[in-house]
Structure formats: structure tokens, C-alpha cells
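One structure is given here, and the rest of the page talks about it.
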Amino acid sequence: MRFATSAPARGGSTRRPLGRTIGHVGLALTVAFAGLALGAGYWQVLRSPDMSREPDNPLVIAAARNVVRGQIVDRNGKVLASNKRDANGEPYRVYTDRTFSTVIGYASRQYGTAGLERSWNSQLTGASNGNPIGDALRKFQRNPYDPQKLTLGISSALQQAAVKGLGSDRGAVVMIDPQTGEILALASTPIYDSSAIANPATQDQGFAAARDNKAQPLLTRATQGLYVPGSVFKIVTDVAGLGSGQITPSTTFPQQAQAEKDGLVVSGFRIHEHPGVPSETFDLTTATEWSSNIWYALAGLRTGGDNLASFAARMGFGKPLDFDLPTASSQVTNPGGTGPGGFSDLVELANASYGQAETLVTPLQMALVACTVANQGILMKPHLVIATTGRDGTHKVDPAELGRVIGPDTASAIAAAMQAAVESSIGSQFTTGAKVPGVTTAGKSGTAQLGGTGAPHSWFIGFAPVDHPRIAIAVIVEKGGRGGARAAPLAGDLMSLFFKQAGS
Amino acid sequence: MTAATASLPAIFGGIRPRARWRETKLLAVVAATILVGSVSLELTRQVAVPGEATGLHPANPLHLAIYLGLLLVAHVVLILSGRRMDQILFPTVAMLGGISLLLMERLPRNLVVQSVGPWKLGLGDVQLAWLILSFVLATGLAVTVRSDRWLRLYKYTWAAAGVALLLATFVLGDEVNGQRLSLTLGPISGQPSELLKVILVVFLAGYLSENRPLLVEESTRVGPISLPPLPFLAPMVAMWAIALGIVVVQRDLGAALLFFTVFLALLYAATGRPGYVVMGVLLFLVGAFVMYQLVPTVRVRVDIWLDPFKDRTGTGYQVIQSLYAFARGGLLGTGLGAGLPTVNGVLPIPAVHTDFPLAALGEELGLVGIMAILGLFLVVIERGLRIAASAADDFRAILAAGLALVIGTQAFIIAAGNLKLIPLTGITLPFISYGGSSLLVNGIIVGLLLALSDRGVEPPPPPRRPGRLARLTGLGRPAAAHPGPAAARSGPSVPVPPRTPSGAAELAEPGGGDGG
């Protein structure tokens, strides 16, 4: 301090002071910190919901051990999943109805979660009730967990009948209310014992039994099974052809009658009809009654690959469906094709138009096709959970439209053809037993050829009553033979049961 | 002195207190905030659902009292010193320290266990002890440092000490997890790289202020491109080599990144030449690429950063858990004590108290809390840079800017690592992370910044001859042509009046430096 030389004595510099460059440095740091704030916002707000549901998130782990999960009940309040406590007082899950195992899945301390227990985990444990404001305010409550009870749209009686109807065969049944998208049955066989996996005393044997079963019960066939559709895919061709205006209900093809006998030549390949179809000129209704491959091949060629692919996409093809359970992505053709709509050539398009070639579908997807026609062209979002009940009461899951696929007149025309396929004397030969007594019924059977010598998959999709449908259905029985052999009668029985229960 | 309006009456002879009302008010806010936090933590503990092992234990009210008492004592000492020092910096740091104390009280006590004599100290106890020492150091330096000669005149000595410290760590350091970070001398063990930060800044302040004219004005032309004078690239290359050495030998990515960033920022601040920054960034990219190829630690860190989910139970585990913690917090957080830094006695983030305190705070205080903490760091940076911009000469300006940058850059590097914006590097979050070396060195930084903010300190000595390097290379102009650095600082609004030779503590220019 004794050094007090006055500063101006050393003045006269031409150099700029450092304030400006220091300001630049400060600005750079401020921008960097703004980046941190954005990063924090990304993880804490944008990604918060999905990160908080990850199975290895301590929130989920803590909840799994400590929280008594919400119950799961069917549409009539019948309890499907509840809880017991082990010797240490820690809760574990008990499932009362095995036919729901492929839907509800399991929640196990050792093996994690599957099915609805997985996809609705945060609501079942009460870590989140899906309402951002409620979630933010939850922390002010004494117990931050608010486990939600889930009410499913499924009717236990239909679910049990569907599983029983599939019997020892592998297969799937999907029943949907086409006006709301509520799932009334979602059966996949074989089923498994999910209680055994959830119970700490039997979890290891229970899980090993399900995992090692060659029939793969842990695969939910209704949503994850990919099958060749065969003739039920013809309804997709109808939707695309009529929806795009390329064909009409009265469209006929001059070469079709002859081709029924000799086969239809497309780019040098000859497409043959299945046996028993007469050499006549068909329109939409007669082609659907007879399930004519030739007429549909011609209709598909006229519709074009672009239209076929884009109308299929409107009904959910091409990507996993937005659904309560994981779904496989249905396809009209393999990815990577260069022709219109992704088809590799016209031969593939012609074969795809009647459900062969590279088309692969999930039973749920085919049920949605039936729903689209049934609901006058408007596709409703399919959903399993119809209500959640927590501390603050019950919240209904409202029906949501996925969009209009085709106009109401177009839908009615297809519905009429499908009604003929079930109720006319010709059509009913292929759809034996699908008719609901006393209720107008529409449908289409399918016999999916798998190549080789094995029996084909037996398919049926349909709905009833025709003018104001209340139920839509898709049934597949793996290697069940012709569509009329297994799938159609089972669908008829299940729809009859539905109307008996609902009181028609 | 007579001029000082805020001056309180002199108590015995030498002591002339000066009121620091702004600091008083801010500290009151800090105390209230920490009290509220503490009450909230205790309430959460009392209502916590039984059987839900969140690992909460009763917080020690004595700790809180001691901390608040510490702030009061430090405040009174600053008042008694009578210096016109910044009044915002200390409360800001006190707030960060308070947040740290709350967090360490809340985390499991047994994360850190140290026996001192008959006592067994847990995490909260030890952190409180370090906070006390850190603030004692800060206040002590703020009050006593009235000259910068000891820093200014011996820069090469400091540099040599720094290099010696680095070499000692290279050779003698304790190796933990493949990293050689800490040095044990008898009973004392510490992380020299923490102290090295300050030494680096002191050296750079001396070097850059002395050679500034040359660095600014000379150019080497290579064809159409005008480059900085080539001989002055030597320090950049040297700094680069040291940073790479730290990576290769110590595996300390964080320190290397911090040193190089601070160096580049100061070089730019001193010269205003973006060319240096561009070259520095190019060197960094080359170095980073080579290190990625050669050093497994670097490769692992970068790969985790690119996709932590590839090995979610292995190398990526801790980063994923950090992101989960942020996500659990959401907008408002779970509330203090209601988060999940432990689940059934297991820590999802083992290094939560050292490397990931921000993740724990993000969970319990939410995005709002994170914004507030980032804001506090920005205030520290702003105060430091403001002190720098109004410093009396280049040396002090670069010194103050460098000290502020060390804190700001370090906070950025670890926060960005926690948020997966950059690869994670194991450095501390200043004032919040658990760790003695870090807290002590940050205390030193705050103390120096406070001292530098008092424009009544002894004015800079007359300029010395140009830097040795400049003399050797002949690039410099004769010493006489060197303008005094101090005048350059006299911006339009801050004329520097002559000083009276006595009572330097009272010397202050109008408008100068009491933190307003």
C-alpha cells in the first residue's frame, strides 16, 4: 500500500481495454449455460414421462417392491388381478383368470413385467396417473403413490369362450366394438399361468415353464403374431379399390370369366383360381361370395400398388399400432420394393390383392379392417383399458377416432358384399356357421396357403348386425384348415354369445 | 478516511468497519432459504411412507446452526475489514454451499466415514467441516490480500510449482480406478489438479498481461492468411501438450478439458483474436481424436456418451441413472428428501455426492431448481467477470476473469456431463460436490476475487521489461514503448484519482467496486 503511484501517470495507451473481450467470454458462457438449461428441460420435461416408466428406473423398482398395485377388473367389475402379501409383508400379484394371461401379462419381482402390467405399469403402481398437472401436485400428498385400478373393456365370458373355442389349437380371437374401439375379447392360445410367475414362491418354475414352452405362450398372438391373411385380405383390396374410385360395386372384367378356367396371365406368370369357382363374369358381390382370386387380382391391378398400400396404411398397416400392448407391424409387401406402393412387380401386386404374396397381418389388424367397414368407414382407436380409478375418482378413456378411411356409401357397398358372403346360398358354403341366428351378419373367410404340405390357416373376419354393427371380430386358427372349417363357426358362436349376453 | 459515506465509526484505532447492507440483505435471503429447505426436508422425513426405504435420517439441526453462524461471522469480518468489496459474490456462494449442505445431510450418512479422534464423522459432518474451512479461507484472503505482487512477480515460480505438482502426481499419485488424481503426503491427501487450476490462472495472468501487446499486434503471414506470431504459439502448444499429458497419465479428462478451455478463453480475452480460438479448437479436435484412438478411458467415456443404453447395466449404468433422476424430478421436483438417491439401501448413482449432485438436486428440486442453481453459477461468473472488467490493470483483469472462468467452466463441464450433453468427466460441481480439495480451492478463488474487487488495493507496480520470450525472439518493442497497463483500464466512466499514501484500505475511486 505504500506503492501508491497514480495510475494516470502511466497512461497514454492505444490498446483497447479488456472489458469488450471479457464481455464476449461472458456471453459465450451464458450461451453455454442456456444450453444446459435446455438440456435439463429436455430430460426433465420432454423425456420425463417415458424415462420414468423404464423398468430399470429406481422409481419403478421401488414401486414394484413397495406399492400395492392397482387391481385390474373386466368390464363388469370382475377382478382379474389382485394382490396378496408374502411372509415378509411384501405384496405380490395374483391373477384369477388364466385366459387373460396373454393380455394382462405378469408383474414379478424377479422377472419384471409383461403385457398390460408393463405398459400400464406407472398407472398401476401410481407413480404417474398420466395427468401432468396431477403428477406435479402429487408430491404435496402424504403418500405420493396413487395406484390406479384399471377397468378393461373385455368381457370375461367372451374371453373364456374364445379361449375355449380355440381349444388346443394355436390361434387368436379379437372382438371389438366398432363404434368405440373397445376391445371385448383378445384371446391368444396357448395361455400360461401368470400367477405362478408373480408368486415369489413359484416364480422360477413358473417363468421357466412359460419360456421353454415350444408353443411360445409369452407371445401374444393377437397383437404380435404375423400371419398370411389369405382371402380375408380381399376386404383390404375392396377398401382400396372402392375408396380410390378405381373400381365400383358393379365393376366387371371382360377377361375374368375365361381366366377362371385357364388362369390369369400377369407378366408371363399364370395365376390360378381355387377349385369350384364357375367361369362367370363377377361383380363385387358375386366375387366376394365366391371369393374369386382372379376377380380380386384384376381389381388389385386396376387399383394399383400405390392405392392398395396407402389405404392399407390408413387402417394401420406399415407400422406398429398405437395400442395398450406391443404390436407387430402388418405389411402388404416386404420393405424395399421399388414399384408403386413398394411392390416389386405386378405379379406380386396381383397375388397380394387376394392375400398371398408377401402380405403379413396381425389378427388385431384384420379386426380393424372389419371395424372400418362396420363403422361406415371411420376407424376408431382400439383400446383395452376403458377406465382408470384412483384417489380422485374414475376417469373414463374416451373413444378416439383414428380417422375416416372410406366414405359411408363405399363402406355400405363392401358391407353388403360381406353380408352376401355369409348369408347367401353361395357365400355360406365358404362361411359355414358364421351367421348369427336372428341377426344380420357380414363377414369374409380366409384360407391362407402356407406353401408346403401343411394345413392352411383358417381365417374369418366379420361384424353384426350389418346396418348398425355392435361387434366386429377377427379369428385365426393356425393350421385350422379352410376358413369355413374352424374360424367361421367359432366367430359365429362368439358373436351369438355376445348378443345373448348383451340382449339383442 | 473522510470520503467514504458508508463508513461506520471507527472502533479501536485501526479498524474502520464499512457497512455492507446489500450483502446483509442477500445473506438474510440465503439463511431463510436454507431454513425453509431444512424444515421441508425434516417434514418430508416425518411423513415418509414407512417401509419405503428412501434412506432418510434425521438431519442435524446443529449443522444448520453452525453453517448460518459461519455465514454471520464471515459477514461481520468482511464488514470490519472496511474494504469496498463486491457484496453479491459471497451470498451467492453461501447459497450454493447451503444447497450442498442440505444435499449432504439428506444423502446416506455413511457415504463418507472418517474417524477424527473419538468422533466418527459422516457425509454431512465432513462436508460442513470443509465448508467452514473453505469460507474461512475465502474470508481470510478477502480481508488480508492487499497486494498482488506475490502473484504478479513470481509467475514462472508459480508455473514451476504447478508443473512440479503435476509431475509429483504423475509419479507419486495414488491410483484409483485407473486414474491418478490424488496425492498423499503424510496425513494429508488431496487432489493437486484442483490447486493447479489457480496456479494456471495466476501464471496465465502474468504471462498474458506482459506479452499482450505482442500477442495482439504481431502477425505472421502465411500466404493470404494472417496468423498470430508463431513464437507465441509455443505456449498454446505447451498447454495443449500438458492437457494431453493429464489425459494420458492421469486419465483426468475433466481437468484437461477445464485447463484448455480456460486457457483459450483467457487467450482470447487478452488478445481479442478469434484466430487463437479457432486454432485452439482445431488442436483440441486433433488431440481428442488421437486420444480417442489411443486411450481406452477416453474411448469408453465417449462411447457411453454416444449411447449409454448400449451397456445399460455396465458402463452406461451411472449416466442412465443420472438421466432417470433428472426425469423423475420433472418440472417441480419431488421435493427435498422425497427423491430416490437410494432404493432399499442401494445407491443407483454411486458417485451421487461427488460427480452427480446435480442429478440428485434435479430430482428433488426439479427443472425449476436446476434453473436456479445454474442461475447462481451465472451470478458468480457475472460478478467475477465484472470484477475483471473494472480491474485496475491487465494482470488483475485476466486474473479475475480466469478465476471466474475456472468456476464457471467447471460447473458447465460437470453439469453437461450429468445431462449427457458432453461425455462425462469426473470433476466436481463447485461449492456443491462433496470434496475437501475442491471446496478449499474454490474458497481461495472466492477470496482472491473479493480482494480483487476492492479497487483500494495497492496499485499495480510499474511495468517490467517485456516478457522473456519476447526478448529472446526479438519480436517485442523496446520496453520504453510499452504503455503502462493501468491507464488502459481507465474506461470512460472510471477515472483513477491519485491516491494518498496512507490508509489504502479506504482508497476507492468513485463508482469503484463495492459490488453495486
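Chains as they are written, first to last, in this note's numbering: chain F, 919 to 1422; chain R, 19 to 534. No residue lacks a Cβ here, since even glycine has one placed at the ideal position from N, Cα and C.
Beta-carbon proximity check, residue i vs residue j, cutoff 8 Å
i                   : j                   : result
Ile-425 of chain R  : Leu-284 of chain R  : no
Ala-345 of chain R  : Trp-1038 of chain F : no
Gly-420 of chain R  : Val-219 of chain R  : yes
Leu-96 of chain R   : Thr-162 of chain R  : no
Leu-226 of chain R  : Ala-288 of chain R  : yes
Leu-107 of chain R  : Ala-49 of chain R   : no
Leu-1226 of chain F : Val-1265 of chain F : no
Gly-988 of chain F  : Leu-1042 of chain F : yes
Gln-105 of chain R  : Phe-188 of chain R  : no
Met-122 of chain R  : Gly-142 of chain R  : yes
Pro-1009 of chain F : Val-978 of chain F  : no
Ile-1332 of chain F : Ile-1153 of chain F : yes
Short CB-CB distance (under 8 Å) between residue i and chain F
i                  : result
Gly-142 of chain R : no
Met-11 of chain R  : A query on residue 11 of chain R cannot be resolved here, the shown segment of chain R reaching from 19 to 534 and no further.
Gly-461 of chain R : no
Ala-499 of chain R : With a pLDDT of 38 at Ala-499 of chain R, under the threshold of 50, the modelled position of that residue is not reliable, and the figure given next carries that caveat. Not an interface residue.
Arg-495 of chain R : With a pLDDT of 43 at Arg-495 of chain R, under the threshold of 50, the predicted position of this residue should be treated as unreliable, though the coordinate-derived value follows. Not one chain F Cβ lies under 8 Å of Arg-495 of chain R.
Tyr-294 of chain R : no
Pro-79 of chain R  : no
Leu-139 of chain R : no
Val-445 of chain R : Per the sequence shown, the amino acid found at residue 445 of chain R is Ile instead of Val. No, no contact with chain F.
Pro-366 of chain R : yes
Ile-388 of chain R : yes
Arg-63 of chain R  : no
Arg-539 of chain R : The requested residue 539 of chain R is not part of the displayed model; chain R covers only 19 to 534.
Gly-355 of chain R : no
Arg-34 of chain R  : no
Leu-466 of chain R : no
Proximal chain R residues relative to residue i, where beta-carbon distance stays under 9 Å
i                  : result
Ser-970 of chain F : Tyr-342, Ala-345, Arg-346 and Gly-348
CB contact check: residue i to chain R, cutoff 8 Å
i                   : result
Val-943 of chain F  : yes
Gly-937 of chain F  : yes
Ser-1162 of chain F : no
Ala-950 of chain F  : yes
Gln-1066 of chain F : no
Gly-957 of chain F  : yes
Ala-1005 of chain F : no
Ala-980 of chain F  : yes
Ile-990 of chain F  : no
Gln-1176 of chain F : no
Gln-1134 of chain F : no
Neighbour list for residue i in chain R, Cβ cutoff strictly below 8 Å
i                   : result
Gly-953 of chain F  : Ala-434 and Leu-439
Gln-1283 of chain F : Simply none; closest approach about 29 Å.
Ile-940 of chain F  : Ala-287, Leu-403, Ala-406, Ala-407, Ala-415 and Ala-419
Partners in chain F for residue i, counting only beta-carbon separations shorter than 8 Å
i                  : result
Glu-400 of chain R : Gly-944
Where residue i meets chain R, residues with beta-carbon distance less than 7 Å
i                  : result
Arg-965 of chain F : Ala-345
Interface partners of residue i on chain F, CB under 7 Å
i                  : result
Leu-396 of chain R : Thr-948 and Phe-951
Val-361 of chain R : Pro-976, Ile-979 and Ala-980
Ala-283 of chain R : Val-943
Leu-385 of chain R : Ala-958, Gly-959, Gln-962 and Val-963
Contact list for residue i against chain F, beta-carbon separation under 9 Å
i                  : result
Tyr-561 of chain R : With chain R running from 19 to 534 in the structure shown, residue 561 of chain R is simply not present.
Phe-430 of chain R : Leu-947, Ala-950, Phe-951, Gly-953 and Leu-954
Residues in the segment 1020 to 1045 of chain F having any Cβ partner in chain R nearer than 7 Å: For the segment 1020 to 1045 of chain F, the beta-carbon criterion of a distance under 7 Å to any beta-carbon of chain R is satisfied by none of its residues.
To be precise: take each residue of the segment 1369 to 1395 of chain F, compare its Cβ to all Cβ atoms of chain R, and keep it if any distance is under 8 Å. Which residues remain? Residues of the segment 1369 to 1395 of chain F that bring their beta carbon within less than 8 Å of a beta carbon in chain R are absent altogether.
Check distances from the C-beta atoms of the segment 296 to 325 of chain R to those of chain F and list, in chain order, the residues that come in under 7 Å. Those residues of the segment 296 to 325 of chain R that come within reach of chain F (Cβ to Cβ, closer than 7 Å) do not exist; the list is empty.
Do three or more CB pairs link the segment 1269 to 1278 of chain F to the segment 1217 to 1226 of chain F at distances below 8 Å? As far as the Cβ criterion goes, the segment 1269 to 1278 of chain F touches the segment 1217 to 1226 of chain F, which means the pair count is three or higher.
Against chain F, which members of the segment 252 to 276 of chain R pass a CB distance test of less than 8 Å? Hits within the stretch: zero.
Relative to chain F, which residues along the segment 180 to 191 of chain R have a C-beta separation below 8 Å, given in chain order? Cβ contacts with chain F come from no residue of the segment 180 to 191 of chain R.
Residues of the segment 99 to 122 of chain R whose Cβ lies closer than 9 Å to any Cβ of chain F, in chain order: Result list empty, no residue passes.
Would you call the segment 1074 to 1084 of chain F in contact with the segment 1363 to 1374 of chain F, where contact means no fewer than 3 C-beta pairs closer than 8 Å? In this structure the segment 1074 to 1084 of chain F does not touch the segment 1363 to 1374 of chain F; the number of beta carbon pairs closer than 8 Å is below three.
For the segment 1280 to 1300 of chain F against the segment 1133 to 1143 of chain F, do three or more pairs of beta-carbon atoms, one drawn from each stretch, fall closer than 8 Å, so that the two count as touching? Counting C-beta pairs closer than 8 Å gives three or more between the segment 1280 to 1300 of chain F and the segment 1133 to 1143 of chain F, which meets the contact rule.
Members of the segment 367 to 381 of chain R that neighbour chain F once the beta carbon cut-off is set at 8 Å: Along the segment 367 to 381 of chain R, the positions whose C-beta sits under 8 Å from a C-beta of chain F are Gly-380, read in chain order.
According to a CB-to-CB cut-off of less than 7 Å, which residues of the segment 48 to 59 of chain R neighbour chain F? Listed in sequence order: no entries.
Please determine if the segment 1241 to 1257 of chain F and the segment 1197 to 1205 of chain F are in contact, where contact requires at least 3 C-beta pairs separated by less than 8 Å. The segment 1241 to 1257 of chain F, when compared against the segment 1197 to 1205 of chain F, does not touch it at the 8 Å Cβ threshold.
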